[in-house]
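Colleague:
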Amino acid sequence: MPEDFNPGCARPTGGPVGEAPAEKTETPSEITPKEIQNMIKVGQKAPDFSAPAYFKGKFVNVNLSEYLGKWVVLCFYPGDFTFV
Amino acid sequence: MSIDSVFVHKIWNDQEISKMVDGGVPFPMLSDAGGKVGTLYGIYDDNGGVDTRGRFIIDPDGVIQGFEVLSPPVGRNVSESLRQIQAFQLVRESKGTEATPSGWKPGKATLKPGIDLVGKVWEKWKTNMAFD
Numbered sequence: 001m002p003e004d005f006n007p008g009c010a011r012p013t014g015g016p017v018g019e020a021p022a023e024k025t026e027t028p029s030e031i032t033p034k035e036i037q038n039m040i041k042v043g044q045k046a047p048d049f050s051a052p053a054y055f056k057g058k059f060v061n062v063n064l065s066e067y068l069g070k071w072v073v074l075c076f077y078p079g080d081f082t083f084v
Numbered sequence: 085m086s087i088d089s090v091f092v093h094k095i096w097n098d099q100e101i102s103k104m105v106d107g108g109v110p111f112p113m114l115s116d117a118g119g120k121v122g123t124l125y126g127i128y129d130d131n132g133g134v135d136t137r138g139r140f141i142i143d144p145d146g147v148i149q150g151f152e153v154l155s156p157p158v159g160r161n162v163s164e165s166l167r168q169i170q171a172f173q174l175v176r177e178s179k180g181t182e183a184t185p186s187g188w189k190p191g192k193a194t195l196k197p198g199i200d201l202v203g204k205v206w207e208k209w210k211t212n213m214a215f216d
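Residue numbers (the working numbering), protein chains in the order written: chain W, 1 to 84; chain P, 85 to 216.
As structure tokens, this is what we get:
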């Protein structure tokens, strides 16, 4: 039977269970460099992006570059309804 | 911006947030499917599959002036974000001739960095000024 859980401020997620898949053995020539997450630095240009949004009753597409000339606060958060 | 779809944003705004804020959220609620933008900004959490609580202040030239990242259970301090924007705006208007020392908020003294101020900050700024 599925078990109850109490929702916390982290978005509830799942993932694969059981044995981990056998690791691929790669010859050195096949090894690709691991993707490195960008390290954001102050003083650098904010990476531009386009994203769909809900804004005042409508669905719109927003480009960050539309806000050049204005001060922008860009906020990320784990998920809607996550309490804080 | 979160990994939720714009449909979920709509329901969250219309069903809950509009009951806290008159007229609902006054800015675009952005959807970051798959965390692509979060990854670009270095705040996407692969394990949880979500964007963490990152906040970036971007100036009119599109340059990042400050950021803060918190883990999910602790919320932000909006007043502190506004204070930082006011400080960055003052520095920008002064064309870098003024700086805002620790504890600065609008109305408090700024510092004018230069050769005459070297070793003399103690005359202009006291530790109690770091606090409200």
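For glycine and all other residues, C-beta sits at the position ideal for the given N, C-alpha and C.
Which residues of chain W have a Cβ atom closer than 8 Å to the Cβ of G157 (chain P), listed in chain order?
Modeller: The sequence given here places Pro at residue 157 (chain P); Gly does not occur at that position. Neighbours of P157 (chain P) on chain W, chain order: G8, C9, A10, V84.
Colleague: Could you say if the region 51-65 of chain W and the region 110-120 of chain P meet the contact criterion of at least three C-beta pairs nearer than 8 Å?
Modeller: yes
Colleague: Have a look at W:V73, W:L68, W:S50, W:W71 and flag the residue whose alpha-carbon is nearest the alpha-carbon of V62 (chain W).
Modeller: The shortest Cα separation from V62 (chain W) among W:V73, W:L68, W:S50, W:W71 belongs to W:S50.
Colleague: Where does K58 (chain W) sit, in a helix, a strand or coil, going by DSSP?
Modeller: strand
Colleague: Relative to the C-alpha of F76 (chain W), which candidate in P:G203, P:D200, P:K196, P:G122 has its C-alpha closest?
Modeller: P:G122 is the residue among P:G203, P:D200, P:K196, P:G122 whose C-alpha sits nearest the C-alpha of F76 (chain W).
Colleague: Counting Cβ pairs, one atom from each stretch, are 3 or more of them under 8 Å apart for the region 140-160 of chain P and the region 66-82 of chain W?
Modeller: yes
Colleague: Measuring CA to CA, which of P:G187, P:P190, P:A183 is closest to P197 (chain P)?
Modeller: P:A183
Colleague: Name, please, each residue of chain W whose Cβ falls closer than 9 Å to the Cβ of Q170 (chain P).
Modeller: For Q170 (chain P), none of the residues of chain W pass the 9 Å Cβ criterion, the least Cβ distance being about 10 Å.
Colleague: Residues of chain W with CB under 8 Å from M85 (chain P), in chain order?
Modeller: A51, L74, C75, F76, Y77
Colleague: Using 8 Å as the cut-off, can you tell me whether the region 38-46 of chain W makes contact with the region 12-19 of chain W, which would need three or more C-beta pairs spanning the two stretches below that distance?
Modeller: no
Colleague: If you compare alpha carbons, which of P:T181, P:R176, P:W188, P:K179 is closest to E164 (chain P)?
Modeller: P:W188
Colleague: How would you write the range of the alpha helix (DSSP H) that F124 (chain P) sits in, first residue to last?
Modeller: The sequence shown places Leu at residue 124 (chain P), rather than the Phe named in the question. L124 (chain P) -> alpha helix (DSSP H) spans 120-124.
Colleague: In terms of alpha-carbon separation, which member of W:V60, W:P78, W:Y67, W:K58 lies closest to D48 (chain W)?
Modeller: W:Y67
Colleague: Buried or exposed: V134 (chain P), going by 16 or more other Cβ atoms within 10 Å of its Cβ?
Modeller: buried
Colleague: Specify the secondary structure class of I127 (chain P) as computed by DSSP and reduced to three states.
Modeller: coil
Colleague: Does any residue of chain P bring its CB to less than 8 Å from the CB of G43 (chain W)?
Modeller: Taking Cβ atoms only, chain P reaches closer than 8 Å to G43 (chain W), which makes this a yes.
Colleague: Applying a beta-carbon distance threshold of less than 8 Å, which residues of chain W neighbour R75 (chain P)?
Modeller: Any property of residue 75 (chain P) remains undetermined from this structure, which presents chain P solely from 85 to 216.
Colleague: Can you pull the chain W residues whose beta carbon is under 9 Å from the beta carbon of G150 (chain P), in chain order?
Modeller: V42
Colleague: Listing by chain order, which chain P residues have their CB less than 7 Å from the CB of G69 (chain W)?
Modeller: P144
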